[in-house]
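A.B. asks: Mind looking over this structure? Questions follow.
Residue numbers (the numbering used here), protein chains in the order written: chain L, 252 to 525; chain C, 186 to 506.
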């Protein structure tokens, strides 16, 4: 192969790869740009590439329903994540240290529970919530988010705890620390990065949820993804508000994902891919 | 974050060794105490986990044996025809139609995501400029909240505001909205789903490409392998496992497809985009036929369990090989 040929090959790869990357982000950028357009500019379409940006769509979102839905999203995601870590991390530690054989069976159950279509959980939860008054409550959503968050925490943290050398814990034990103290003082601080990664993943899954919230909430506990869909039904299509709402919903997710991009795929595949 | 690996024999033997050591050197830790401690940590989490996942699934199975409908709550305890819903599964033409639609959607999206993902991974692997920025750009579609992805494609498919239709209009082409025509609606969903998830397969394949040993590539070069031979006999065998795992994950996830269909077509026009998951949703929360929809869901759960077991087999087979 001559140098010229190789040069052309590299140039071709470069153009192809960056065009593909552009294809991946352009649809997303279009929505963000749309959120800064007036209704007039939105319907004038691309013929007005130059437009005067406006914040009126965002200002239009400042109403009790939407603000409450955003608070609901934040509260349910954060509380469910915290609960899952608090309950799941000690269990994952015990699973890693004590029960390696059972750990495989538990692992299989966890993988399956993560793979099951949400509708399989929604039907029974809906029936029970209807009877005990948990429909359209944040508590109800927090509980149902545990179905995926708790298994995610146990799964990822178990893998991580198995990688911590036991010798460290033994050293603490020899110095007279109790088992619980060893876990809290030695193991947990060592696991801080893994705990943060797991927490972010739990948060993303809860924040991104649409299906559970659609069925288990009505108005009081509706989350932002459900609320933004309402702009599609009432008084025609409010495209500006839809775009602004969508942009607001995705911004925390995007920032967090980019910050932890290295661990995202291994987390999303529950460790099947590293 | 290594999970899914069976413990090695040496690792399994370790606790015993260290426990003896602890027993000899510190006075406060005995074997029973340690056992009790681990059990104390383990039991609550397993109980809660079973309570939030296993128990609801059991309830789902029980409900699938009743004719429960929300308009007739007493039917929740009617077990006079436990197989009734399952017999209905065999004769429900709309369900069979939905399974066929599901098969078409799954096969098309998985195949496209694998092909585009593989192509993109091979290209990105060769690009040396700003690799981190490049990977971040590709990350965007798959980390967006699914409802936002659905909104984005709703915009792109709406002729009055879509940049594509502005282009068509300028060129004097009359193109109907893809989501409102029975001939193109499913394709429209496939395109949106492929955009959302090809980065996922790409990143998995890219990670596998990174572990391709340099010596193997060089050896193949020295032996005079052509580019195609290199790909077929060196690269492909090396990433086979990653391809399989990525494909299976996408296959399972394709069964859950919901927000795109809910926002773009609502299963229509007619029911050409009504996949099984969506049909179940309609039966349960549109028509309130909870008993029957539970039976369909049990069917879906069995399908997903079979696919998940396949993933575990593949991953473990590779770990022990």
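Backbone N, C-alpha and C fix where the C-beta goes; we use that ideal spot for every residue, glycine too. Since this is a predicted model, take the numbers as computed values, not measurements.
Output the residue ranges of the alpha helix (DSSP H) runs that lie fully inside the region 314 to 402 of chain C and measure 4 residues or longer, sorted by chain position.
C.D. replies: Counting only runs of 4 or more, we get 316 to 328, 331 to 341, 348 to 355, 370 to 395.
A.B. asks: Determine, for residue 345 (chain C), whether the minimum Cβ-Cβ distance to residues of chain D falls below 8 Å.
C.D. replies: Annotation note: the requested chain D is absent from the structure, which comprises protein chains L and C.
A.B. asks: Runs of 3 residues minimum, wholly inside the region 317 to 350 of chain L: which ones carry the beta strand (DSSP E) assignment?
C.D. replies: Within the region 317 to 350 of chain L, no complete beta strand (DSSP E) run reaches 3 residues.
A.B. asks: Can you tell me whether residue 228 (chain C) is buried or exposed? The criterion is at least 16 other CB atoms within 10 Å of its CB, across all chains shown.
C.D. replies: Classification for residue 228 (chain C): exposed.
A.B. asks: Mapping DSSP to helix, strand and coil, what is residue 470 (chain L)?
C.D. replies: It is coil, neither helix nor strand.
A.B. asks: List, in chain order, every chain L residue whose beta-carbon is nearer than 7 Å to that of residue 441 (chain C).
C.D. replies: By Cβ distance, chain L contributes 368, 369.
A.B. asks: Go ahead and pull the three-state DSSP assignment for residue 481 (chain L).
C.D. replies: It is helical.
A.B. asks: Does the CB of residue 478 (chain C) have a neighbour CB from chain L at under 8 Å?
C.D. replies: Residue 478 (chain C) counts as touching chain L.
A.B. asks: What residues of chain C sit near residue 383 (chain L), judged by a beta carbon separation below 9 Å?
C.D. replies: Correct list: empty, because the minimum Cβ distance to chain C is about 13 Å.
A.B. asks: Rounded to whole angstroms, what's the CA-CA distance from residue 232 (chain C) to residue 226 (chain C)? Just pull it up for me.
C.D. replies: Going by the C-alpha atoms only, they are around 11 Å apart.
A.B. asks: Could you tell me which chain L residues have their CB closer than 7 Å to the CB of residue 493 (chain C), listed as they occur along the chain?
C.D. replies: Within chain L, the residues near residue 493 (chain C) are 362, 363, 366.
A.B. asks: How far does the alpha helix (DSSP H) with residue 458 (chain L) in it reach, from first residue to last?
C.D. replies: Segment 443 to 459, the alpha helix (DSSP H) holding residue 458 (chain L).
A.B. asks: So that I know if they touch, is there some Cβ in chain C lying closer than 8 Å to that of residue 285 (chain L)?
C.D. replies: Chain C contact via Cβ: present.
A.B. asks: Against residue 474 (chain C), what residues of chain L qualify as contacts under a CB-to-CB distance less than 7 Å, listed in chain order?
C.D. replies: Neighbours of residue 474 (chain C) on chain L: none; closest Cβ ~11 Å, over 7 Å.
A.B. asks: Counting only beta-carbon separations shorter than 8 Å, does residue 452 (chain L) have a partner in chain C?
C.D. replies: No, residue 452 (chain L) does not count as interfacial toward chain C.
A.B. asks: Comparing alpha-carbon positions, which option in C:496, C:358, C:475, C:499 lies nearest residue 263 (chain C)?
C.D. replies: The shortest C-alpha separation from residue 263 (chain C) is found at C:475.
A.B. asks: Could you tell me which chain C residues have their CB closer than 8 Å to the CB of residue 467 (chain L), listed as they occur along the chain?
C.D. replies: Simply none; closest approach about 10 Å.
A.B. asks: In whole angstroms, what separates the C-alpha of residue 385 (chain C) from that of residue 324 (chain C)?
C.D. replies: Each residue's Cα considered, the two are about 8 Å apart.
A.B. asks: In this structure, what does DSSP give as the bridge partners for residue 265 (chain C)?
C.D. replies: Per DSSP, none; premise fails for residue 265 (chain C).
A.B. asks: Determine, using beta-carbon pairs with one atom in the region 493 to 501 of chain L and one in the region 307 to 316 of chain L, whether at least three such pairs fall under 8 Å.
C.D. replies: Touching, yes.
A.B. asks: Quick check on DSSP: helix, strand or coil for residue 411 (chain C)?
C.D. replies: Residue state, collapsed to three classes: coil.
A.B. asks: Quick check: the region 441 to 457 of chain C against the region 307 to 319 of chain C, are there 3 or more CB pairs under 8 Å?
C.D. replies: Too few Cβ pairs lie closer than 8 Å, so no.
A.B. asks: Strictly under 8 Å for the Cβ-Cβ distance: is residue 482 (chain C) near chain L by that measure?
C.D. replies: It does: the Cβ of residue 482 (chain C) has a partner Cβ on chain L nearer than 8 Å.
A.B. asks: Which whole-angstrom value is the C-beta distance of residue 449 (chain L) and residue 403 (chain L), which I expect to be below 8 Å?
C.D. replies: Right, their Cβ atoms sit about 7 Å apart.
A.B. asks: Is it right to say residue 243 (chain C) is buried, meaning 16 or more other beta carbons lie within 10 angstroms of its own, or is it exposed?
C.D. replies: Per the 10 Å Cβ criterion, exposed.
A.B. asks: Would you mind reading off the limits of the alpha helix (DSSP H) that contains residue 396 (chain L)?
C.D. replies: Run containing residue 396 (chain L): 389 to 413, per the alpha helix (DSSP H) assignment.
A.B. asks: Quick check: is the beta carbon of residue 207 (chain C) nearer than 8 Å to any beta carbon in chain L?
C.D. replies: Model confidence at residue 207 (chain C) stands at a pLDDT of 40, short of 50, so the residue's coordinates are unreliable and nothing is read from them.
A.B. asks: Measuring only between beta-carbons, confirm whether residue 376 (chain C) sits less than 8 Å from chain L.
C.D. replies: Residue 376 (chain C) does not count as touching chain L.
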